[in-house]
Amino acid sequence: GAGVSQSPSNKVTEKGKDVELRCDPISGHTALYWYRQSLGQGLEFLIYFQGNSAPDKSGLPSDRFSAERTGGSVSTLTIQRTQQEDSAVYLCASSFSGTAMSRQYFGPGTRLTVT
Amino acid sequence: GESVGLHLPTLSVQEGDNSIINCAYSNSASDYFIWYKQESGKGPQFIIDIRSNMDKRQGQRVTVLLNKTVKHLSLQIAATQPGDSAVYFCAEKPPGGYQKVTFGTGTKLQVIP
Chain A
700 GAGVSQSPSN
710 KVTEKGKDVE
720 LRCDPISGHT
730 ALYWYRQSLG
740 QGLEFLIYFQ
750 GNSAPDKSGL
760 PSDRFSAERT
770 GGSVSTLTIQ
780 RTQQEDSAVY
790 LCASSFSGTA
800 MSRQYFGPGT
810 RLTVT
Chain B
12 GESVGLHLPT
22 LSVQEGDNSI
32 INCAYSNSAS
42 DYFIWYKQES
52 GKGPQFIIDI
62 RSNMDKRQGQ
72 RVTVLLNKTV
82 KHLSLQIAAT
92 QPGDSAVYFC
102 AEKPPGGYQK
112 VTFGTGTKLQ
122 VIP
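Chains A and B supply the protein sequences, listed in that same order. According to our numbering, numbering within the first sequence proceeds without interruption in unit steps and concludes at 814. According to our numbering, numbering within the second sequence proceeds without interruption in unit steps and concludes at 124.
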């Protein structure tokens with residue numbers, strides 16, 4: 700079956716512009732995560748959606764970052780007024796959730812370059 | 012909190028040798044643990060998991076060991092191959108159905124041919 704998909708795969712934008720990154724999770728997965736990964740570094744948690752609960756936004760680095768998950772499925776991560784330090788790979792993951800099925804399935808990521 | 016801006020530790024292993032990758036987790040109440048492998052240019056992929064009521068679980072060429080006393084998790088890879096070169100992450104989940112899985116800092120494994 701289809702895995703997690705993300706679009707675009709690459710995005711180059713000018714400093715100060717807004718960008719939207721899209722994530723299509725696996726159908727039926729109730730949990731969705733966004734992470735940021737800078738070159739050669741670990742995963743930085745950004746935001747977590749679980750069903751209809753209020754999202755856990757504790758990882759968002761500034762108020763320029765926001766995310767939505769419409770209809771419990773597709774999610775969009777928006778970065779306003781992009782800065783060069785926002786350049787990174789943005790990874791989305793989904794999981795069925797629950798104790799035994801918390802395994803996350805990752806998308807290929809969106810590489811964002813801010814010039 | 013999450014790991015931010017950390018450079019990854021690196022483990023170099025000769026091809027054919029066994030690799031041991033270690034992870035210290037943070038929450039003594041976590042009941043589920045997962046290892047992921049991330050190859051260059053790709054998203055992390057599941058390798059193996061273990062519940063807190065176990066201390067060892069084996070897969071194909073991989074074994075995960077859990078020591079709850081010292082909150083330590085390890086991944087053992089037998090007969091390491093060049094294709095094992097990647098970054099490895101451990102993750103933990105607190106008890107309860109809808110809890111966020113959190114990742115540890117990764118370890119980069121370099122296999123020397």
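Cβ atoms here follow ideal geometry from the backbone N, Cα and C, with glycine treated the same way. It should be emphasised that the depicted structure is a prediction, and the values quoted were computed from it without experimental measurement.
- Take proline 106 of chain B, set aside five residues on each side of it, and the residues of its chain with a beta-carbon closer than 8 Å to its own are Ala40, Ser41, Asp42, in chain order.
- Per DSSP, asparagine 33 of chain B is one residue of the beta strand (DSSP E) stretching across 30 to 35.
- For aspartate 762 of chain A, not one C-beta of chain B is nearer than 8 Å to its own C-beta.
- By the Cβ criterion, the stretch 725 to 732 of chain A is in contact with the stretch 748 to 760 of chain A, since at least three pairs of Cβ atoms, one from each stretch, lie closer than 8 Å.
- For the 8 Å CB-CB criterion, leucine 120 of chain B and isoleucine 32 of chain B form a contact.
- Between the alpha carbons of glutamate 103 of chain B and phenylalanine 114 of chain B lies a distance of about 7 Å.
- Chain A has no Cβ within less than 8 Å of the Cβ of proline 20 of chain B.
- It is roughly 42 Å from the alpha-carbon of proline 707 of chain A to the alpha-carbon of valine 81 of chain B.
- Shown in chain order are the members of the stretch 32 to 66 of chain B whose Cβ falls below 9 Å from a Cβ of chain A: Asp42, Tyr43, Ile45, Tyr47, Gln49, Gly52, Lys53, Gly54, Pro55, Gln56, Phe57, Asp60, Arg62.
- The three-state reading of DSSP puts aspartate 723 of chain A in strand, counting E and B together.
- Taken through DSSP and simplified to helix, strand or coil, glutamate 767 of chain A comes out as strand.
- Just so you know, the alpha carbons of arginine 780 of chain A and isoleucine 725 of chain A end up roughly 30 Å apart.
- In this structure, the straight-line span from the alpha carbon of glycine 715 of chain A to that of phenylalanine 744 of chain A is close to 23 Å.
- Within a 10 Å sphere around the beta-carbon of arginine 62 of chain B sit fewer than 16 other beta-carbons, which makes this residue exposed.
- Here the C-alpha atom of lysine 67 of chain B lies approximately 45 Å from the C-alpha atom of valine 813 of chain A.
- In this structure, DSSP gives glutamate 713 of chain A a state outside helix and strand, which the three-state scheme calls coil.
- When Cβ-Cβ separations below 8 Å define contact, glutamine 740 of chain A makes contact with chain B.
- Taking the Cα of tyrosine 36 of chain B as reference, the smallest distance to any Cα among B:Ile45, B:Thr91, B:Gln87 is reached at B:Ile45.
- The beta carbon of glutamine 87 of chain B sits closer than 6 Å to those of Ile31, Thr74, all from its chain and outside the five residues before and after it, given in chain order.
- For aspartate 755 of chain A, the nearest beta carbon of chain B is closer than 8 Å to its own beta carbon.
- Identification of residues in the stretch 788 to 807 of chain A having a C-beta nearer than 8 Å to some C-beta of chain B yields Leu790, Ala792, Ser794, Ser796, Gly797, Thr798, Ala799, Ser801, Arg802, Gln803, Tyr804, Phe805, Gly806, Pro807, given in sequence order.
- In this structure, the CA atom of leucine 759 of chain A is about 24 Å from the CA atom of lysine 48 of chain B.
- Residue pairing from DSSP places histidine 83 of chain B in a beta bridge opposite B:Ala35, B:Asn78.
- In terms of CA proximity to proline 20 of chain B, B:Val98 leads the group B:Tyr109, B:Val98, B:Gln71.
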